[in-house]
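Colleague: Handing you this structure, nothing more for now.
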Amino acid sequence: MPNDEACVREEAAGGVSRRTFLTAGIVVLGGAISALLGATGLSYFISPAFKKDEEDWVDIGRASDMKPGAPLKVDFVARKRDAWVVTEKRSSAWVSTDGKEFTVFDPRCTHLGCPYRWDQAREQFLCPCHAAVFDAKGQVVSGPPPRPLDRFAAKVVEGRLLIQPQAIKGAA
Amino acid sequence: MRAPTMTEVRDWVNERTGFETVWNALLERHIPEAKGPVAWAYTLGSASMFVFTLQAVTGALLAMNYVPSTDHAYDSVRFIGSSVLMGGFIRGLHHYGASFMVVLVVAHMLRIYLMGSYKYPREGTWMVGVLLFLVVIGFGFTGYLLPWDQKAYWATAVGTNIAGQTPVVGGMVAKILKGGADMGAPTLTRFYALHVLVLPGVIGVLLGVHLFLVVWHGISEPPTRMGGKGGSRG
């Protein structure tokens, strides 16, 4: 680094030269600005790693409308928020209740995804595609399905039945 | 085997890259002596470059959450402000930085003009600088549309209509800017592509040439009065 004669003189006299002082100033201020901006930008960039998954509860009706006995097929529209995109998907679920607890089944057969139906006379779920049969609790009675009916998480809030239409695999 | 000292590492790299020559040429070069406001006026070019760097970094971050589509642009910008950590701050930096960038390059241009720094042999630096100024204005014009809110939409409607007033070629220019007869989806994608792909490429090349010329010619002295008395050398 080329040094002016003045710098050499000042430093020889035991002082801090103007050049050294300004260099230190640039390093300190520049470092502070870079650290602040860098930390801000970095937190923006890595923030998805610390974001909690949002729970998408779908309101599918009054809980008191669901009576014990025959399971009820409920159609609903699931609004899913994906950052700035909101998608609406028409879907349905089978709801059965004993009057207190609610059990909500994914409306697709666990064999190959066909929509099944409730047979009131036999009190069983029947799938038309490959003759699968499930009982009222979703357990496999006969046919090819590898596991019981998939369920949706359900809860009652202020008299409304809320579900999360993401299948919980093979929960019995 | 002992660990190499810092000096040895520096010498090793320097021998293979010659970075010290570049470093000295860029940062250890001689600049005119000046004091007070005149000295501050010499910092305007570097200040513009600092804000430009800031715009590039914040812009890259914003682009991670922005969609140049008429149905999602506004929502994605709102999402940045409401749901991304520090999103509002990053967008604020880019927003105010954009305005400040224009202020700085105009001030820089005035400094060059008022001190006569554009004169021989620095005409090339000045000409490239004028192009850089136009690119900065282009950044401002194209970036203004991207939030796709009422202000953005109508400002661009006015801007493209002004272009449309040009005799003979106006209609064509307006259509090229808008990507069609009316403003809409193609206008937004066009402005986005210009803002984040075309103009950054252009400004990179022009800035490289501009900086090379600045270093090549050195910084001009502040003007002095005839007869050597007074002037701004203090």
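So the protein lines, in turn, are chains A and B.
In this text, residue positions in the first sequence follow the working numbering: the first is 1, and each later residue adds one.
In this text, residue positions in the second sequence follow the working numbering: the first is 1001, and each later residue adds one.
Beta carbons: idealized from backbone N, C-alpha and C, even for Gly.
Computed from a predicted model, the values in this text were never measured in an experiment.
1) Between A/T40 and chain B, is the shortest Cβ-Cβ distance under 8 Å, so that the two count as touching?
2) Could you tell me whether the Cβ of A/S91 comes closer than 8 Å to any Cβ of chain B?
3) Bridge partners of A/C127, per DSSP?
4) Please check the pair A/A70 and A/S91, which I expect to be a contact at CB under 8 Å, by giving their CB distance rounded to whole angstroms.
5) Across the stretch 1025-1043 of chain B and the stretch 1210-1230 of chain B, are there enough close Cβ pairs to call them in contact, namely three or more that are closer than 8 Å?
6) Can you check whether the CB of B/F1133 is closer than 8 Å to the CB of B/H1195?
7) Which residues bound the beta strand (DSSP E) around A/T103?
8) Beta strand (DSSP E) containing A/P88: first to last residue?
9) Where DSSP assigns a beta bridge to A/F152, which residues make up the other side?
10) Can you name the residues that DSSP bridges to B/T1119?
11) Counting only C-beta atoms, is A/S43 closer than 8 Å to chain B at any point?
12) Going by beta-carbon coordinates alone, are A/A136 and A/H111 separated by less than 8 Å?
13) Please identify, using Cβ separations under 8 Å, the residues of the stretch 1048-1072 of chain B that lie next to chain A, in order along the chain.
14) Is the stretch 1009-1018 of chain B in contact with the stretch 157-164 of chain A, if contact means three or more CB pairs nearer than 8 Å?
15) Whose C-alpha, out of B/I1031, B/M1115, B/V1136 and B/G1159, is nearest the C-alpha of B/G1201?
16) Contact between the stretch 1141-1149 of chain B and the stretch 1068-1079 of chain B: three or more CB pairs below 8 Å?
17) Compare the beta carbon distance of B/A1181 and B/T1160 with 8 Å and say whether it is the shorter of the two.
18) Measure from the C-beta of A/S47 to each C-beta in chain B and report whether the shortest distance is under 8 Å.
19) Less than 8 Å between the C-beta atoms of B/V1128 and B/L1206, yes or no?
20) Does any heavy atom of the ligand GTP sit closer than 7 Å to the C-beta of B/F1089?
21) Any C-beta of chain B sitting closer than 8 Å to the C-beta of A/V8?
22) Below 9 Å on C-beta distance, what does B/M1101 contact in chain A?
23) Is the stretch 22-40 of chain A touching the stretch 1070-1084 of chain B, taking contact as three or more C-beta pairs under 8 Å?
24) Where in the stretch 1036-1090 of chain B do unbroken runs of the beta strand (DSSP E), each at least 3 residues long, occur, reported from the N-terminal end onward?
25) Excluding the 5 residues flanking A/A153 on each side, which residues of the same chain have their C-beta closer than 7 Å to its C-beta?
26) For the stretch 1131-1159 of chain B, which residues have a beta carbon sitting closer than 8 Å to at least one beta carbon of chain A?
27) Considering A/D43, what are the terminal residues of the alpha helix (DSSP H) in which it resides?
28) Using a Cβ-Cβ distance under 8 Å, would B/F1212 count as near chain A?
29) Can you tell me which of B/R1111, B/G1171, B/T1142 and B/P1167 puts its alpha carbon nearest to the alpha carbon of B/E1221?
30) Could you say if the stretch 1101-1115 of chain B and the stretch 1041-1048 of chain B meet the contact criterion of at least three C-beta pairs nearer than 8 Å?
31) A/F214 lies in the beta strand (DSSP E); which residues open and close that run?
32) Enumerated in chain order, which unbroken segments of the alpha helix (DSSP H) with a length of 4 residues or greater are wholly contained in the stretch 1156-1203 of chain B?
33) Would you call A/P2 buried or exposed, if buried means 16 or more other Cβ atoms sit within 10 Å of its Cβ?
34) So, is the C-beta of A/A32 closer than 8 Å to a C-beta in chain B?
35) Please report the distance separating the alpha-carbon of B/G1231 from that of B/S1117.
Modeller: Here's the rundown:
1) yes
2) no
3) A/A132
4) Not confirmed; about 20 Å, so no contact.
5) yes
6) no
7) That run of the beta strand (DSSP E) goes F102 to F105.
8) Reading the sequence as shown, one finds Glu at residue 88 of chain A and not Pro. Residue range V85 to T97 is occupied by the beta strand (DSSP E) that includes A/E88.
9) A/V104
10) Rather than Thr, the amino acid found at residue 1119 of chain B in this sequence is Lys. Paired residue(s): none; B/K1119 is not in a bridge.
11) yes
12) no
13) Of all residues in the stretch 1048-1072 of chain B, L1054, V1057, T1058, L1061, M1064, N1065, V1067 and H1072 have a Cβ within less than 8 Å of some Cβ in chain A.
14) By the criterion of at least three beta-carbon pairs nearer than 8 Å, the stretch 1009-1018 of chain B is not in contact with the stretch 157-164 of chain A.
15) B/V1136
16) yes
17) no
18) yes
19) yes
20) Here there are no bound small molecules, and the ligand GTP is not part of this structure.
21) no
22) Within chain A, no residue comes near B/M1101; the closest Cβ sits about 16 Å away, beyond 9 Å.
23) Short answer: they don't touch.
24) none
25) I163, Q164 and I168
26) none
27) Checking the displayed sequence, the identity of residue 43 of chain A turns out to be Ser instead of Asp. Here the alpha helix (DSSP H) through A/S43 covers R18 to I46.
28) no
29) B/R1111
30) yes
31) Not covered by the structure: residue 214 of chain A. The range shown for chain A is 1 to 172.
32) 1170-1178 and 1185-1193
33) Residue placement at A/P2 is poorly supported in this model, since its pLDDT is 48, which falls under 50; the coordinates are not used for a value here.
34) no
35) Summary for B/G1231: the model assigns pLDDT 49, below 50, so the residue's position carries little reliability; its value from the coordinates is reported in the next sentence. When rounded, the distance between both Cα atoms is 15 Å.
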